[in-house]
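Chains H and S supply the protein sequences, listed in that same order.
Using my numbering, the letters of the first sequence correspond one by one to residues 8 to 444.
Using my numbering, the letters of the second sequence correspond one by one to residues 40 to 416.
What follows is a short report on a single structure.
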Amino acid sequence: MTPGGIKTRKSHGEIAGETRRIRIIQALSRKNWVHNVAELVINRMERQGWKPYQIDAIRCFADDFRHGYLKEKPCIFTSAFVPNELIYGLGGVPFLPEAASGFAASFGFALESLTACESLWYSPDLCSFHRAGVGASVLKLAPKPAAVVVSSQLCDGGKRSLFQISQYHDCPFYILDVPYTHSALALDRLAKQIEEAAIGLERDVPDLSRGHIDKAFANSNVARNCYLDLCKLRTNTPSPWRGSEALNYVVLFLWAWGSPWLAKFYQSLRDHAEDIIKSGDYPVPNEQFRLAWLNLRPYYSPKLFNYLEDTHQVSVAFEEFSYMYWDPLDAGDPYMSLAKKIMANPGWGPIERRLDVIDKIVREFSIDGVVQFAQWGCRQYNGAASILSDYLRKKGVPFLNLDGDGVDVRNSGEAQSITRLGAFQELLESQKIKNSR
Amino acid sequence: MVYLACSYIPYEIPLAAGMSAARGIFEGPLSAMEGYLPRDFCPYARAFIRQYGDNDVVAVAESCDAMRRVYDVLKYWNLARCAYFVDVPRTYDPEAVSFYAEELRGFASKLLDSVPLPCDSFPERLELAIKGMNRIRRELSGVFDLVSERQLLATKATQLAISINQLLACFPSLPDPSDSGFSPKHSSASGMFDNLIEEIKELINQALSEPAHLRQRRSGIPVGVSGTCLLDLSLIECIENAGLDVVFIDSCLPSRTYAFYVDNETTSDPFYALAEAYLRKMPCPRMFRGKERIRRLHELASDYDAQGLIYFAPKFCDQAYYDFIEIKHGLKSLGSLPVLFLEGQYGVGRAGQTLTRIAAFREMLEGTQILKAGKQQ
Chain H
8 MTPGGIKTRK SHGEIAGETR RIRIIQALSR KNWVHNVAEL VINRMERQGW
58 KPYQIDAIRC FADDFRHGYL KEKPCIFTSA FVPNELIYGL GGVPFLPEAA
108 SGFAASFGFA LESLTACESL WYSPDLCSFH RAGVGASVLK LAPKPAAVVV
158 SSQLCDGGKR SLFQISQYHD CPFYILDVPY THSALALDRL AKQIEEAAIG
208 LERDVPDLSR GHIDKAFANS NVARNCYLDL CKLRTNTPSP WRGSEALNYV
258 VLFLWAWGSP WLAKFYQSLR DHAEDIIKSG DYPVPNEQFR LAWLNLRPYY
308 SPKLFNYLED THQVSVAFEE FSYMYWDPLD AGDPYMSLAK KIMANPGWGP
358 IERRLDVIDK IVREFSIDGV VQFAQWGCRQ YNGAASILSD YLRKKGVPFL
408 NLDGDGVDVR NSGEAQSITR LGAFQELLES QKIKNSR
Chain S
40 MVYLACSYIP YEIPLAAGMS AARGIFEGPL SAMEGYLPRD FCPYARAFIR
90 QYGDNDVVAV AESCDAMRRV YDVLKYWNLA RCAYFVDVPR TYDPEAVSFY
140 AEELRGFASK LLDSVPLPCD SFPERLELAI KGMNRIRREL SGVFDLVSER
190 QLLATKATQL AISINQLLAC FPSLPDPSDS GFSPKHSSAS GMFDNLIEEI
240 KELINQALSE PAHLRQRRSG IPVGVSGTCL LDLSLIECIE NAGLDVVFID
290 SCLPSRTYAF YVDNETTSDP FYALAEAYLR KMPCPRMFRG KERIRRLHEL
340 ASDYDAQGLI YFAPKFCDQA YYDFIEIKHG LKSLGSLPVL FLEGQYGVGR
390 AGQTLTRIAA FREMLEGTQI LKAGKQQ
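Here is the structure:
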C-alpha cells in the first residue's frame with residue numbers, strides 16, 4: 008500500500024530508488040546475525056579507543072534498531088517532538104523517520120529515499136527530512152512500525168508524512184493535537200490526549216504496557232541532570248566540544264529520552280568535556296568566535312564545519328535544538344508531566360518564546376554571532392528569519408540566514424554557503440576591531 | 040473590519056460584536072512587503088502581510104506553519120493594530136469541540152473589549168448572527184447547487200461568493216461612541232441581517248437573469264476542483280475556458296466557508312454550536328480526520344458525475360502537497376477518478392502553461408470517454 012491506501016508500483020516490480028544496495032540493506036537489517044556482528048564491531052571500536060560517549064550513542068541506536076528491526080519490541084514511529092518517554096514507558100522503542108533521514112544522508116542513502124518518495128508524487132518543495140523519512144519507509148530501510156504517534160506542534164510536514172507512513176503500513180495512528188495557547192484547559196486537553204494515546208497503544212499493540220513508565224521517567228530525569236551539567240561545561244571558552252559533532256547528536260536529543268542509554272551517554276559526554284577543560288586540549292584551540300546554530304545542518308558533508316572550525320577557528324558553541332526546555336518529569340502525574348514538556352517547547356507558541364531562548368543562548372554561551380541554517384522547505388523556522396534578524400541586530404548580534412538542505416545534496420550550494428560563512432566571519436572580525444577601538 | 044485568515048474562524052462572532060468581517064481575499068503579495076517572509080512561502084500567507092488600517096483587526100488561525108509565522112510577523116512588526124490568534128483544533132471529537140468553544144468564547148471576549156457594544160446584548164446578537172449566516176450560507180449553497188446541475192458557470196458562482204464576502208466586509212459596524220451621531224439604537228440586534236440578505240438575493244438574481252449562453256455551458260466534461268486555497272478566480276476561468284465544466288469546488292472559498300449549517304437549536308451554548316459546526320464541516324487538508332476528505336470528495340464526484348479532479352496547490356503549501364498524495368491515491372482506490380495536480384501563485388490561470396496542462400487533461404478525459412464508449416459498443 009502506498010500512502011493514501013492503494014497498491015501501486017510494487018505490484019509491477021521495483022520501487023523507484025530501490026537499488027541493489029538498498030535491497031541488500033533491507034535484507035541485512037532484518038537478520039539477527041547482522042545485529043550480533045554489529046555488537047562485536049562496537050566492542051572492537053571500544054577497544055580501539057573510540058570515546059566512551061561515542062560508544063554509548065552507537066549502543067543506544069544499535070539497541071533500538073535491534074529491537075525495532077528484529078521485532079523484539081514494538082517499534083513506534085514518532086514525530087520529532089513527541090516525548091519518547093511515552094514510548095519507552097510502554098515498553099516499546101521509538102523510531103523517528105525524520106531524524107533517521109540525517110543518518111541516511113550521512114551514510115549516503117538519502118538520494119534513494121528521496122527518489123522513492125518523489126516517485127510517489129511528493130513535491131521536492133517539501134522538507135527533505137520528511138521526504139527521506141517517507142522514502143526510507145517505502146523502501147523498507149526503516150523497520151515496520153507497530154503504530155505511529157505524532158504531535159501537531161511545530162512542523163506540518165512531520166505529522167502529515169507520518170500519517171501517510173501509518174497508512175502505508177496500515178497501522179494505528181495517534182495524533183496529539185497540541186493547543187497553541189498556554190492555559191489550564193489546554194494542558195488538561197493535551198494530558199488527556201496523551202493518556203488516551205497510551206491506553207490506545209496498550210490496547211492496539213501487543214506487548215506494550217504502561218508498567219514501564221516509572222523507569223522511563225527516571226531514566227529521562229537522570230539524563231536531564233547529566234545533560235544540564237554538560238550544558239554548563241559548554242559555556243566554557245574555548246568550547247570543549249565541537250559544534251559540528253553536537254549537531255550530529257541532536258538526533259539523540261530528539262530520540263532517546265527515556266532510554267537507559269541516554270543517561271550513560273550524557274554522563275560520558277560530561278566526563279569528556281570535563282577532561283577537555285582540565286587538559287586544555289580543545290577541539291578548536293584558537294577559538295576566534297563563538298556561534299549559536301539554529302535549526303539543523305547538512306548531514307551529507309562536513310565541509311561547512313571544517314571551514315568554520317578548522318580553517319577559521321570559529322566554534323559552534325551551542326545549538327538551538329540542544330536547548331533543555333522542560334522541567335523534570337513527575338512519574339506521579341505522567342500524562343500531565345508529558346503535556347507540560349510538549350507545551351514548553353520554545354518553538355511552539357508566539358515567536359517571543361523562541362526569541363527568549365535564543366537570547367538566553369547568546370548570553371549564557373558568550374555568543375558572537377547567530378547562524379540559522381534555513382533548511383529548504385522548513386516553514387516553521389525559515390518564516391521567522393526577518394524577525395530574528397531584526398531582533399538580534401537590535402541586540403548587536405550579527406545574524407546569518409544560511410540557505411541549504413540538510414539531506415538533499417541536490418539542493419546544496421556548498422560553495423555559496425562557504426562564501427557566505429566567510430563573509431560572515433569577516434563581519435564578526437570587523438565588529439571585533441570596531442569594539443576594540 | 041475583521042480580516043479572517045481561515046474558513047474555520049466564524050464570521051458570526053465579529054458580526055455579532057458589531058464589526059464587519061470578511062475572509063481576507065487579496066490580489067497577491069505586495070512587493071513592498073516581500074522582506075517579511077521568505078520567497079519560498081505560500082503566496083496566500085505572503086499576501087496577508089500588509090499594513091492594516093487603525094480600525095482593522097486580523098484574526099489568524101492555527102492553520103499551518105506559514106500562517107503561524109504570518110501572525111508573528113504582523114505582531115512583531117506592528118502591521119496590524121490588533122492581531123488575534125484563534126487556536127483551531129486539528130481533530131473533531133467532543134473534547135476538541137469543547138476546547139474550540141472555549142477558544143471562540145475567548146475570541147469574542149477579546150473583540151468585545153474593543154467595541155462599544157453593551158455586553159448583555161451580545162448573546163442575542165450572536166444568535167441572530169448565527170441565523171443570519173445560516174441564511175446566507177443557504178442562499179449561496181443554492182447557487183452552487185446550480186453549478187453542480189450545470190446551470191451556472193462556476194466562475195459566476197465563485198464571483199458571487201467573493202461579492203458576498205465583500206458585502207460582509209461592508210456590513211454596518213457599530214459606530215464609535217465618541218461620534219456625535221452615536222445612538223444606542225445602533226446596537227439593536229433585530230433585523231440586522233435583513234437588508235444584507237436582500238442585497239445578496241438581488242446579487243444572485245442579477246447573476247441568474249443573465250442570458251443562458253453567458254451563464255451556463257453544458258457541453259464540457261464535468262470535473263471537480265479541490266485544494267487548500269484557490270487564491271483567485273483565474274484558475275476556475277481557465278478550466279472553463281479550456282472546455283471543462285466545473286461541477287464542484289472544494290476550497291476555502293466557496294465551499295468550506297458556505298457549505299454547512301450551524302445548528303443552534305440542540306444546544307443552549309452558541310459557542311458550542313459554532314465550534315461543532317465549523318469543526319464538523321467538510322475537512323480542510325489541515326485536519327486529521329482519517330479518510331473523511333477522500334470519502335467526501337468521492338461522494339461529490341459521484342453525485343455530480345465528475346470525470347476528473349483538478350487539484351490546485353498554492354506554491355509552497357505543504358498542507359496541499361501532502362493532501363494531494365492522499366487524495367490522488369485514495370480516489371484512485373475508490374474508482375479511478377483521474378486527478379490533475381497544478382500548483383502556482385496568484386494569477387495561475389492566466390499562465391499559458393496552466394491552460395496547456397488543463398487542455399491535455401481534457402484530451403485525456405475525452406480519450407477515456409471514447410475508449411469507454413468503444414468498449415460498450
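Virtual Cβ for every residue (Gly too), placed ideally from N, Cα, C.
Burial state of S:Tyr50 (16 or more Cβ within 10 Å): buried
Min CB distance S:Ile52 to chain H below 8 angstroms: no
Under 9 angstroms by beta carbon: chain H residues contacting S:Gln358: Per Cβ cutoff of 9 angstroms: Asp163 and Arg167.
Distance between beta carbons of H:Val157 and H:Leu250, contact taken as under 8 angstroms: It is Gly, not Leu, that sits at residue 250 of chain H in the sequence shown. The Cβ separation is near 29 angstroms, so there is no contact.
The segment 175-202 of chain S: positions lying closer than 8 angstroms to chain H by Cβ: Of all residues in the segment 175-202 of chain S, none comes within less than 8 angstroms of chain H when Cβ atoms are compared.
Residue-chain proximity (S:Gly383, chain H), Cβ-Cβ < 8 angstroms: no
Through-space distance from H:Phe372 to H:Gln432, alpha-carbon basis: 18 angstroms
DSSP three-state assignment for H:Cys82, whether helix, strand or coil: strand
Inter-stretch contact (C-beta, 8 angstroms, three-pair minimum) for the segment 190-199 of chain H and the segment 294-312 of chain H: no
Complete alpha helix (DSSP H) runs within the segment 327-379 of chain S (minimum length 4 residues, chain order): 331-342 and 357-374
Beta-ladder partner(s) of S:Leu381, from DSSP: BP columns for S:Leu381 point to S:Phe351.
Of the listed residues H:Gln320, H:Glu202 and H:Leu261, nearest to H:Pro290 (C-alpha basis): H:Gln320
Helix, strand or coil at H:Cys233 according to DSSP, with G and I counted as helix: helix
Nearest residue (CA-CA) to S:Asp289, options S:Gly74, S:Ala352 and S:Ala312: Ranking the options by Cα distance to S:Asp289, first place goes to S:Ala352.
Three-state secondary structure (DSSP) of H:Ala45: helix
For S:Val301, three-class secondary structure by DSSP: The three-state secondary structure of S:Val301, taken from DSSP, is coil.
Cutoff 8 angstroms: H:Lys465 Cβ touching any chain S Cβ: Shown here, chain H extends from 8 to 444; a query on residue 465 of chain H therefore has no answer.
Any chain S beta carbon closer than 8 angstroms to H:Ser130: yes
First through last residue of the beta strand (DSSP E) which encompasses H:Pro290: That residue, H:Pro290, is in no beta strand (DSSP E); it is neither H nor E in DSSP.
Proximity of H:Leu146 and H:Glu125 at Cβ, strictly below 8 angstroms: Not closer than 8 angstroms, so no.
H:Asn302, DSSP secondary structure in three states: coil
CB contact below 8 angstroms: H:Arg196 versus chain S: Closer than 8 angstroms: yes.
Nearest-angstrom Cβ-Cβ length linking S:Arg174 and S:Phe232, presumed shorter than 8 angstroms: 7 angstroms
Integer Cβ distance of S:Phe210 from S:Leu179, believed to fall under 8 angstroms: 15 angstroms between Cβ atoms; not a contact.
beta-carbon S:Glu237 near the ligand FMN non-hydrogen atom, thresh 7 angstroms: The model depicted lacks the ligand FMN and carries no ligand whatsoever.
Identified DSSP bridge partners for H:Ala381: H:Asp410
Own chain residues within Cβ distance below 8 angstroms of S:Arg396, not counting five before or after: Leu379 and Leu381
Cα-Cα separation between S:Gly282 and S:Leu394, rounded to whole angstroms: 10 angstroms
H:Gly140 at chain S interface by Cβ criterion, 8 angstroms: no
Beta strand (DSSP E) segment containing H:Gly420, residue limits: No beta strand (DSSP E) contains H:Gly420, which DSSP labels as neither H nor E.
Where H:Trp57 falls, given that 16 or more other Cβ within 10 Å makes a residue buried: exposed
Where H:Tyr187 sits in the DSSP three-state scheme: coil
Closest residue to S:Leu43 among S:Val97, S:Gly181 and S:Leu156 (Cα-Cα distance): S:Val97
Below-8 angstroms beta-carbon distance, H:Lys199 vs any chain S residue: yes
Start-end ranges of the alpha helix (DSSP H) lying completely within the segment 69-112 of chain S, minimum 4 residues: 82-86
Cross-strand partners of S:Tyr123 (DSSP beta bridge): S:Ala98
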